[in-house]
Structure formats: structure tokens, C-alpha cells
Amino acid sequence: MNDIIRRVIESHGAFRLVLAIPGIIILSRYALSGGGLGQVIEASGEWAVRMLIITLAVTPIRMMFRHRHWPMWLFKRRRELGVAAFLYAMLHMAAYVLRQSSPAVLLYDAMYAEYLLGWIALTTMFLPFVFSNDVSLRLMGPWWKMIQRLVYVSAVAAFLHWIWIKRDDLPAYIHFGPLVALELYRLWFEFTRPSRRHRGE
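And the structure:
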């Protein structure tokens, strides 16, 4: 029994299924309730942000708990988290486009910063998504890491998109606050690490 549980925990396929559960629930509720696309837009956008935040939080969490097993387990699944973030963002965009239904309305919306930032967040996630594979890593070398860092632009754009498009911006601060704290820790850790090595710590 324990061996089965261990295999499930280590299975990337099972992890992907878990990541898909919110999307299944979102689409099932839409199909069964007959509600508007607004609920799909809101829920998928929030899950896209959550997946993006967890993806970015993996590295500082690994630094903070570097002697534990579970951060490495999470680190090995960072790629799946990033892909999930992009797919939820695509669902968010698709529902928004379907609701607007007119290219003219989409272009008009894009003139406003809150909507433009949403498009920036999505487009800066596209290249990391496309090149999120081992072949690209081998072929692109150091350029691969630079492309992956575009997700930081995505995070900033997503945060601004959220607080400008919603009247209540407290949820955005609650979501992004821990990520900011973790990234500050990561910067501190990387800044002080050479001195630690010099002292033999």
C-alpha cells in the first residue's frame, strides 16, 4: 500500500491531473449551471496567477528549506506548474475573447492599461511555455534561462492587471505578498552566499 502511495506521489502524470482539477471544475460549473463566461474569466484568471506564483516561489522555497526533501520534489515539477499557469491564462483569455465576441471591442479594450497588461502577461508567458522542454534547454544554452525569466515580467503585469481591473485589490496583495517576501529572501540569500563560502559556512 505504501509503495502504491509513493508511486502516486512521485508520478508526474498524477501531479498533472491534480493541476487540471481546478480547470475541470471551472468548465463543469459553466456547463452545468448555464452561467455567463464572467465566472470562467474570473476563476481561470485567479488560477493562472496562483500557478504562476507557485512556479516562481519554488526556487526561493528550495533555498529556504534546502535540507528538506519536499522542496526538491516541488522543484522537479516546476515545469508542469509553469505549463499549467500558461494554460489557465489561455483559458482566461479564450473566455474573455468569446464574451467580447467582436474584434473591435477587443481592440478598444486594449487601449486601456488594465487590459493591455493582461495581454502583456499572457504574451510574456508564451515563449517560456514554448521552450519549456529539454531539447530547447540543450539547444539554447544560457539563452534558455533568459527566456524563462520573462515570467517575472508576466507576474508584474498580472499583478497590475488584477489590481486595476478589480475594485477590490486586497486579494491580489494577499496572493502576491508571500511571493514578494520569498523573492526578497532569494535575493538576500544569493547576495550573501559568496561571503558564506568565504567564511567556510
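No gaps in the numbering here: position 132 of the sequence shown is 1045 in my numbering, and each next residue is one more. Heads up, the beta-carbon is just placed ideally off N, CA and C, and yes, glycines get one too.
Self-check item: Delimiting residues of the alpha helix (DSSP H) encompassing methionine 1059
Solution: 1055–1061
Quiz item: When we look at the beta-carbon of arginine 1112 and count the other beta-carbons within 10 Å, is it buried (16 or more) or exposed?
Solution: Low local confidence applies: a pLDDT of 47 at arginine 1112 is under 50, so the model's placement there is unreliable, and no value is given.
Quiz item: By DSSP, does serine 947 sit in helix, in strand, or in coil?
Solution: The residue asked about is misnamed: residue 947 is glycine in this sequence, not serine. The answer is coil: DSSP assigns glycine 947 none of H, G, I, E or B.
Exercise. Return the chain-ordered list of same chain residues with a C-beta closer than 7 Å to the C-beta of serine 1045, the five sequence neighbours on each side being excluded.
Key: Arg992, Gly995, Val996
Practice problem: Kindly list the residues whose CB is nearer than 7 Å to the CB of leucine 1019, restricted to its own chain and excluding five residues on each side of it in sequence; keep chain order. | Solution: Val1010, Gln1013
Exercise. Could you tell me whether the Cβ atoms of alanine 956 and isoleucine 939 are closer together than 8 Å?
Key: yes
Quiz item: What residue from Ala1094, Phe1102, Met1038 has the CA that sits closest to alanine 1002's CA?
Solution: Met1038
Quiz item: Which full runs of the alpha helix (DSSP H) of 4+ residues lie inside the region 960–1023, going along the chain?
Solution: 983–988, 991–1013, 1016–1023
Quiz item: What is the DSSP secondary structure of asparagine 915, reduced to helix, strand or coil?
Solution: helix
Quiz item: Does DSSP put phenylalanine 1044 in a helix, a strand or coil?
Solution: coil
Quiz item: Can you name, in chain order, every residue of its own chain whose Cβ lies under 7 Å from the Cβ of proline 973, other than the five neighbours on each side?
Solution: Leu1095, Glu1096, Tyr1098, Arg1099
Practice problem: Measure the alpha-carbon distance for tyrosine 1028 versus arginine 979 and round it to whole angstroms. | Solution: 39 Å
Quiz item: Given that a residue counts as buried once 16 or more other Cβ atoms are within 10 Å of its Cβ, and exposed if not, what is leucine 1050?
Solution: exposed
Quiz item: Once you ignore the five residues that flank phenylalanine 1102 on each side, which residues in its own chain have a CB closer than 6 Å to its CB?
Solution: Met976
Quiz prompt | C-beta contact flag for leucine 965 and alanine 1085 at 8 Å | solution = no
Practice problem: Please classify arginine 942: does DSSP put it in a helix, a strand, or coil? | Solution: helix
Quiz item: In or out: glycine 1090 buried (at least 16 other Cβ within 10 Å) or exposed?
Solution: exposed
Quiz item: From Gly948, Trp960, Ile922, Gly949, pick the residue whose C-alpha is nearest to that of alanine 933; which is it?
Solution: Trp960
Quiz prompt | Local Cβ density within 10 Å of tryptophan 1075, reported as buried at 16 or more and exposed below that | solution = buried
Self-check item: As assigned by DSSP and simplified to three states, the class of arginine 1106
Solution: helix
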